[in-house]
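Written below as structure tokens is the structure these notes are about.
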Amino acid sequence: MKILVVGGAGYIGSHMVKQLALSNNEVITLDNLSCGYKDAVKYGELVIGDLGDNNVLNQLFNQHKFDAVMHFAAFIEVGESVINPGKYYHNNVCNTQVLLDAMVKYDIKHFIFSSTAAIFGEPQYTPINEAHPQNPINPYGRTKLMVEHMLEDYDTAYGLKSTCLRYFNAAGADPDGELGERHNPESHLVPLILQAASGRRADIKIFGQDYPTEDGTCVRDYVHINDLCEAHSLALAKMQKTGSSARYNLGNGKGFSVQQVIDTSKKVSGKDFNVVITDRRAGDPAVLVADSTLARDELNWSPKFDQLETIIETAWQWEMNFFAQ
Ligand code: UDP
-2 MKILVVGGAG
8 YIGSHMVKQL
18 ALSNNEVITL
28 DNLSCGYKDA
38 VKYGELVIGD
48 LGDNNVLNQL
58 FNQHKFDAVM
68 HFAAFIEVGE
78 SVINPGKYYH
88 NNVCNTQVLL
98 DAMVKYDIKH
108 FIFSSTAAIF
118 GEPQYTPINE
128 AHPQNPINPY
138 GRTKLMVEHM
148 LEDYDTAYGL
158 KSTCLRYFNA
168 AGADPDGELG
178 ERHNPESHLV
188 PLILQAASGR
198 RADIKIFGQD
208 YPTEDGTCVR
218 DYVHINDLCE
228 AHSLALAKMQ
238 KTGSSARYNL
248 GNGKGFSVQQ
258 VIDTSKKVSG
268 KDFNVVITDR
278 RAGDPAVLVA
288 DSTLARDELN
298 WSPKFDQLET
308 IIETAWQWEM
318 NFFAQ
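Residues -2 to 322 in the numbering used here are what the sequence shown spells out, letter by letter.
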């Protein structure tokens, strides 16, 4: 197949590009490099451009007949989305609409969308399945939900089939050590902890130790990046076979507390580092765990890197290889 990966120079996108290329697909990345890195695109062609730029899209779609588009090119900082919502609505919603309209124009029928657990907002129950009420509590979550709604309407009206994959906490790195997580600024727990372990950061701060959880720290569902990517490939194959749109929650179904992630990281890295307890971060629910039964049943998805140790080992290898250079 020929697949356009929008945002293929970012964390999840670059792993997806590799997995698709190694499964004998022809992959082209479109990325404006606002958050991604040129050297993260190890496979296929990289087109530097914006998904909201019609000229770039016309050129691409005239030149190539894509079987599908996968879209990873969104801003993802919850805090920033509160302070600067315009940036989020513009890129995550408006630019995505430009891409979808181009797909309709060029009759490309299959779209895989990176969605998020943030569309659900404060959990009403846990683990969270697809039936959970959708009530995002920040602009980031709202932009993702808006696109999900847009996709329903584009299916009804234009026959554009989509699968929305709601990630819980993507973590880990390419087991080959070729790719990894490189956000700037970094806000995610696992890379921040490993920066403390490698000495690139003075400490790791725990945002709140007074949550109603076993050890008082927040519980999240960490799912390995390769398992997430695998779900995209399975979702695309299923959508092409059934001709139906779908939505799936993706997580391991197992929650780990911030403290457990820190303890496991110390064990895996063999390093001790400073841990500082600070105030809660605004908008953090105590527990966010996915019920991925639907993805397991319908896609036959079965996460292979489901041990926290393995997830952290791959991320630690990346931290050591890449940042020690
Ligand atoms: N967290 C923390 N210290 C940090 C970064 C994150 O204690 O420096 C906590 C955060 O409050 C949340 C969990 O780690 O409970 C995962 O946060 P992350 O930002 O990685 O992902 P999120 O769950 O917000 O998508």
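Glycine is no exception: its CB is placed at the ideal position from the N, C-alpha and C atoms.
Exercise for review: Taking residue 5 as the reference, give the member of 23, 21, 27 with the closest Cα.
Suggested key: Checking every option, the nearest Cα to that of residue 5 belongs to 27.
Exercise. Can we count residue 215 as close to the ligand UDP, meaning its CB is less than 7 Å from some heavy atom?
Worked result: yes
Every unbroken alpha helix (DSSP H) within the region 243 to 281, with a cutoff of 4 residues, ordered by chain: 255 to 266
inquiry  = Using C-beta distances below 6 Å, list every residue in its chain close to residue 138, excluding the 5 sequence neighbours before and after it, in chain order.
reply    = Excluding sequence neighbours, residue 138 sits near 115, 116.
According to DSSP, is residue 42 helix, strand or coil?
strand
query = Is residue 244 near the ligand UDP, with its Cβ less than 7 Å from a heavy atom?
reply = Checking every heavy atom of the ligand UDP against the Cβ of residue 244, none is found closer than 7 Å.
According to DSSP, residues forming a beta bridge with residue 161
In the DSSP output, where bridge partners are listed per residue, residue 161 has 110, 244.
Alpha carbons only, please: which of 191, 311, 286, 167 is nearest the one belonging to residue 260? 191
| What does a CB cutoff of less than 8 Å around residue 295 pick up in its chain, not counting 5 residues either side in sequence? | 235, 243, 245
Q. How is the alpha helix (DSSP H) around residue 23 delimited, first residue to last?
A. From DSSP, residue 23 is part of no alpha helix (DSSP H) but of the beta strand (DSSP E) over 23 to 28.
(message) Taking its Cβ as the centre, do 16 or more other Cβ atoms sit within 10 Å of residue 182, making it buried, or is it exposed?
(response) exposed
Task: Extent of the continuous beta strand (DSSP E) to which residue 90 belongs - done: Neither: residue 90 is in no beta strand (DSSP E) and is coded neither H nor E.
Check your understanding: According to the neighbour-count rule (16 or more other Cβ atoms, all chains shown, within 10 Å of its Cβ), is residue 59 buried or exposed?
Key -> Its Cβ having fewer than 16 others within 10 Å, residue 59 is exposed.
### Message
Quick check on this structure: which residue in 148, 113, 132, 188 has the alpha carbon closest to the alpha carbon of residue 225?
### Response
113
For residue 277, which residues in the same chain have their Cβ closer than 7 Å to its Cβ, ignoring the five residues on either side in sequence?
204, 205
For the beta strand (DSSP E) that residue 221 lies in, which residues bound it at each end? Counting along the chain, residue 221 sits inside the beta strand (DSSP E) bounded by residues 219 to 221.
- request: Kindly examine the ligand UDP and report whether one of its heavy atoms sits closer than 7 Å to the Cβ of residue 200.
  value: no
Helix, strand or coil: which one does DSSP assign to residue 68?
-> strand
- Item | Touch test, the region 171 to 189 against the region 305 to 318, Cβ-Cβ under 8 Å, three pairs minimum | yes
Of all the beta strand (DSSP E) runs that stay within the bounds of the region 122 to 181, which reach a length of 3 or more residues?
-> 158 to 164, 166 to 168
Are the region 49 to 58 and the region 8 to 19 touching by the rule of at least three beta carbon pairs closer than 8 Å? no
Query raised in the report: Excluding sequence positions up to five away, which residues of its chain have a Cβ less than 6 Å from the Cβ of residue 249?
Result: 218, 220, 300, 303
Practice problem: Taking the CB atoms as reference points, tell me whether residue 65 and residue -2 lie closer together than 8 Å. | Solution: yes
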